[in-house]
Each structure stands twice: as structure tokens, then as C-alpha cells.
DNA sequence: GTACTCTGGGTCATCTTGTCTCATTAATGG
DNA sequence: CCATTAATGAGACAAGATGACCCAGAGTAC
């Protein structure tokens, strides 16, 4: 994904500027007006870049969206692990939920999912990227706990996310609920109850 | 919602026919070509009803979609409960997953969620209806088990669905996985491990 | 400085969406 | 069975979005 940069000629400074202006405007539109407002026309208006130019760089809206999303800095860095598995899990899960409930992340995730479900490859890749970013910190905690012998070594990243984030995403996306800290703790505790390496058995 | 039927004059037979033809065509389009193909134009083509007529009955696409979805017979009747909580839960959950993985239900759910997330009231109501239908059987099993003293009496329908269906929906919708019977059993077992009224404590 | 490339702004064709009109046809109530 | 009433069908029409194209002008690289 990072070829054609050292091999070929340097990128024209105008291209760099255009890309930056467009992606910035695209991100602003995405996070304020929502997903379906990110069109060539609106991005052109807000970025000052001509419509034709945007079409040249991103022939389809999907191309544009994918670049906007993937060029956006991840808002989900892994925090430092304290070794207290439950505490770390609750903290990281709560942070995910906070992101989910503030701003447009909710809508972005849902729309990415919807676009991905129609079979569009680019949208599927982007959706996978968002998914991966969102569950990275939780998997960091859990994989450490697995190595420490606290959790079921059969756990995968997907299964972990399914049982920690799954219930919370259900509450938020299907049930329309606000997800409280109590919900987060309940979800984490249920996960731990099910997948802890119990000394008793 | 059921007024203007006994009070006013009977419904014209032509209206009945038009509604039936349109909703039938709409459902067929929905389940074969997907959600965003359900437009006035396509429904008109496939139903033989004139575009103008469809616009008269359903001014917006949302109106049309809501009627198509809500008039469709629920594919999710509650099975008979055997009293074996785990067995009943696995069976009902597996059936939900089967529906989810066959045909367009996946896409329908995801799109309903996406539309609902934009704030449209009708779409939210419809999404809530779909959600309710999908988790009804599971709640039937669980509420019986609660009364039998097997499960935590603090469980609600939403929480139950979150912990049984949530992980599976995550795997399917976020992870893109095929959900196997093993996944279903793992999810049910995790739920039971977390919410059983344990005799030991 | 010159050749090259990108951009801007405009035009144009096309598709979709939704409204409106009017003649035709079917249903209702007596 | 007939007259009134209401619904339908077909098409025209406006408005808006989408995407392709062209060409002059300006910036960039060598």
C-alpha cells in the first residue's frame, strides 16, 4: 500500500495540497453532517477544490469515503496495562463505548456495516479496518491475560470482541439504549465469568 | 392506528388490491434484490401498479418500506418450550442465526439499523419492531427460566438479547464470520455461566 | 526558462425523484 | 341496474444529483 512513492517521481505538491484539503473537508463533513453528506459536490464546496479535480482523484464516492476514514488518525490508542485484567478491560471497553456515544462514531460504524453488507469490497475492507481499530485495545488486555494464564487460551480476538463489545453494541445499535458504566461492567463480568480459567475446575 | 375502518366507509376493493399487489412486489424485491432496490419505480414495474398510485398511497420510500416490512408475516414464531433451558435457548438462538445467514435478513437488519441511526422516527419504529420479533423467542425461554428460579431475576429482555444474540451478531455483522453451531453454543453457555442462579453462591 | 502536469470552472447528458393533470375504469349506494 | 363517486393509469414535467468532458490558466519539476 506504500509503493509508488520512492519508486516513481515525487508527488506533485499540488496533489498533496488537494488531497489534504479534500480529506480534511471530507472528515469535517463526515463528523458533523454524517456519512451520506460526504459527496463530491459538498466536499468540493467546503474544501474549495474543484469538483472535476475531486472526481479525478476519487472516481467514486466509495473511494473518497475510504480515504477519508482511513486517513483519519485512530482515536483509539492502546492505554497502558496495569495487570489488573478486569480493571483494564472495563477501562478500555468503557472508552470504546464513550467514543461510540459521542459524536458520529455510532452512525459511522453502522453505515460502514451497511455498505459492507452489500458486497462492496472497498467498504468491506474499510469496515474491517474500523472493526480492527475498535477492538485492538481490548485484545491487548485479553491476550496478556491469556499469557498470564488467567483466561481461556482458546480465545481469539474475534471471540473476545464478540463477548465484550457484542452485548454493548447490541444495546446501543439494536436496542437504542444509552450504555452506562453498569452495562460495561456487566458485559466484562459476563465475559470473565465465561472465559476465566477457573482454579476450581 | 386502527381507526377509520369501522367509523368511516369500507375500504374500496381497488385500494385493497393495490395495497396487496404493491406490498407483495415490495417484499419480493426486498428479499431478492435488497433494500435499496425497493423504490417507487421498481415496485411499480414489478407490481404493475402505476407509479402515481404508489406515490398516492406511500408518499415516501420510508412509508413504503415500513409497510412492506411490517406487513410481512413474522418468520420467527416461538417454538414450544421443553423446559430444558439450555436446549431451548440453543435451538431458538440457532434458528435466529439460521435466518440471519439465509437470504437477505442480514442486509435487512443492517440497513434498518442504518436508517434508524439517522434519526428517522419511522425507521426507528421499524427497527424496533424487527428487533422485538427477533428476540421474542429467546426472551420466552429466558423469562420462563427466571420464573423457574434458574436465571437471575434481574435480567431484562434487552439484556438477555444483548448477551445471547449480541456476540453472534457481532461475529456476523462486524467480523463477517459465518456463525457456526459451536458459536451459538458458546454464546449461550457464556450467558448461562454469567446469569445462572448458582446454588453455590 | 521550458515543457509538463494539475487545477478550475464551465458545459452537457443522463438518471432519479416527486408532482401534476386528465381521461378511463371500477366500485359503491340506492 | 344506474348514477355518483373515487381510484387508477399513463404521461408530461420540473428539480436535483451524478458524472463525463473540455480547455484555458497556473503551478511545478528539471
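Protein chains in written order, with our numbering: chain Y, 4 to 204; chain P, 4 to 204. For every residue, glycine included, the Cβ atom is placed at its ideal position computed from N, Cα and C.
Give a single yes or no on whether residue i has its beta carbon closer than 8 Å to a heavy atom of the ligand NAP.
i	result
residue 132 of chain Y	The ligand content of the structure shown is nil, which means the ligand NAP is not present either.
Whose C-alpha, out of the options, is nearest the C-alpha of residue i?
i	options	result
residue 143 of chain Y	Y:102, Y:24 and Y:93	Y:93
residue 48 of chain P	P:141, P:61, P:24 and P:91	P:24
residue 74 of chain P	P:84, P:163, P:33 and P:81	P:33
residue 120 of chain Y	P:108, P:123 and P:72	P:108
residue 17 of chain Y	Y:52, Y:36 and Y:41	Y:52
residue 40 of chain Y	Y:21, Y:22 and Y:71	Y:71
residue 153 of chain P	P:106, P:86 and P:21	P:86
residue 2 of chain Y	P:133, P:179, P:21 and P:174	Any question about residue 2 of chain Y goes unanswered here, given that chain Y covers just 4 to 204.
residue 56 of chain P	P:29, P:88 and P:21	P:21
residue 88 of chain P	P:30, P:151, P:29 and P:116	P:151
residue 141 of chain P	P:181, P:182 and P:195	P:195
Taking the straight line between their C-alpha atoms, what separation do you get for residue i and residue j?
i	j	result
residue 65 of chain Y	residue 156 of chain P	47 Å
residue 168 of chain Y	residue 59 of chain P	44 Å
residue 166 of chain Y	residue 90 of chain Y	17 Å
residue 19 of chain Y	residue 13 of chain Y	10 Å
residue 177 of chain Y	residue 15 of chain Y	47 Å
residue 82 of chain Y	residue 101 of chain Y	15 Å
residue 63 of chain Y	residue 36 of chain P	22 Å
residue 77 of chain P	residue 118 of chain P	21 Å
residue 80 of chain P	residue 103 of chain P	15 Å
residue 161 of chain P	residue 106 of chain Y	24 Å
residue 214 of chain P	residue 163 of chain Y	Chain P is shown only over 4 to 204; residue 214 of chain P falls outside these bounds and no answer can be derived.
residue 123 of chain P	residue 116 of chain P	11 Å
residue 219 of chain P	residue 131 of chain P	The question about residue 219 of chain P has no answer here: the residues shown for chain P are numbered 4 through 204.
residue 182 of chain Y	residue 182 of chain P	26 Å
residue 175 of chain Y	residue 175 of chain P	17 Å
Quick one: list the residues of chain P neighbouring residue i, beta-carbon separation under 8 Å, in chain order.
i	result
residue 134 of chain Y	177 and 178
residue 47 of chain Y	Neighbours of residue 47 of chain Y on chain P: none; closest Cβ ~23 Å, over 8 Å.
residue 37 of chain Y	121
Spatial neighbours of residue i within its chain, please: C-beta separation below 7 Å, excluding the five flanking residues on both sides.
i	result
residue 38 of chain Y	110, 111 and 114
residue 69 of chain P	125 and 129
residue 54 of chain Y	43, 44 and 47
residue 184 of chain Y	97
residue 158 of chain Y	145, 149 and 198
residue 200 of chain Y	152, 153, 154 and 155
residue 30 of chain Y	71 and 75
Less than 8 Å between C-beta atoms, sequence neighbours within five positions excluded: which residues of the same chain meet that for residue i?
i	result
residue 27 of chain P	50
residue 84 of chain Y	91, 143, 144 and 147
residue 193 of chain P	166 and 170
residue 173 of chain Y	none
What in chain Y is Cβ-close to residue i, meaning under 7 Å?
i	result
residue 129 of chain P	Near residue 129 of chain P there are no residues of chain Y at all, since even the closest Cβ is about 12 Å away, more than 7 Å.
residue 24 of chain P	The premise fails here: residue 24 of chain P is roughly 27 Å from chain Y at the closest Cβ pair, so nothing lies under 7 Å.
Give me the chain Y residues within the contact set of residue i, using Cβ-Cβ distance strictly less than 9 Å, ordered along the chain.
i	result
residue 60 of chain P	What residue 60 of chain P touches in chain Y: nothing, since even the nearest Cβ is about 26 Å away.
residue 153 of chain P	By Cβ distance, chain Y contributes nothing, its closest Cβ being about 16 Å from residue 153 of chain P, past 9 Å.
For residue i, go through chain Y and note every residue whose CB falls closer than 8 Å to its CB, in chain order.
i	result
residue 120 of chain P	109, 110, 113, 114 and 176
By the criterion of Cβ-Cβ separation under 7 Å, what are the contact partners of residue i in chain P?
i	result
residue 169 of chain Y	169, 170, 172 and 173
residue 65 of chain Y	The contacting residues do not exist; residue 65 of chain Y stays about 14 Å from chain P at best.
residue 196 of chain Y	196 and 197
Ignore the nearest five residues each way along the sequence and tell me which others in residue i's own chain have a CB closer than 6 Å to its CB.
i	result
residue 170 of chain Y	190
residue 127 of chain P	119
Name, please, each residue of chain P whose Cβ falls closer than 9 Å to the Cβ of residue i.
i	result
residue 166 of chain Y	166, 169, 170, 173, 189, 190 and 193
residue 148 of chain Y	Residues of chain P passing the Cβ test: none, with the nearest at roughly 16 Å.
residue 95 of chain Y	Residues of chain P passing the Cβ test: none, with the nearest at roughly 16 Å.
residue 16 of chain Y	Per Cβ cutoff of 9 Å: no residues; residue 16 of chain Y is ~39 Å from chain P at best.
residue 161 of chain Y	173, 174, 177, 178 and 180
Pair every Cβ in the region 175-189 of chain P with every Cβ in the region 94-109 of chain P, then say whether three or more of these pairs are closer than 8 Å.
Taking a contact to require three or more Cβ pairs closer than 8 Å, the region 175-189 of chain P and the region 94-109 of chain P qualify as touching.
Within the chosen definition, does the region 128-141 of chain Y reach the region 145-163 of chain P through at least 3 CB pairs nearer than 8 Å?
In this structure the region 128-141 of chain Y does not touch the region 145-163 of chain P; the number of beta carbon pairs closer than 8 Å is below three.
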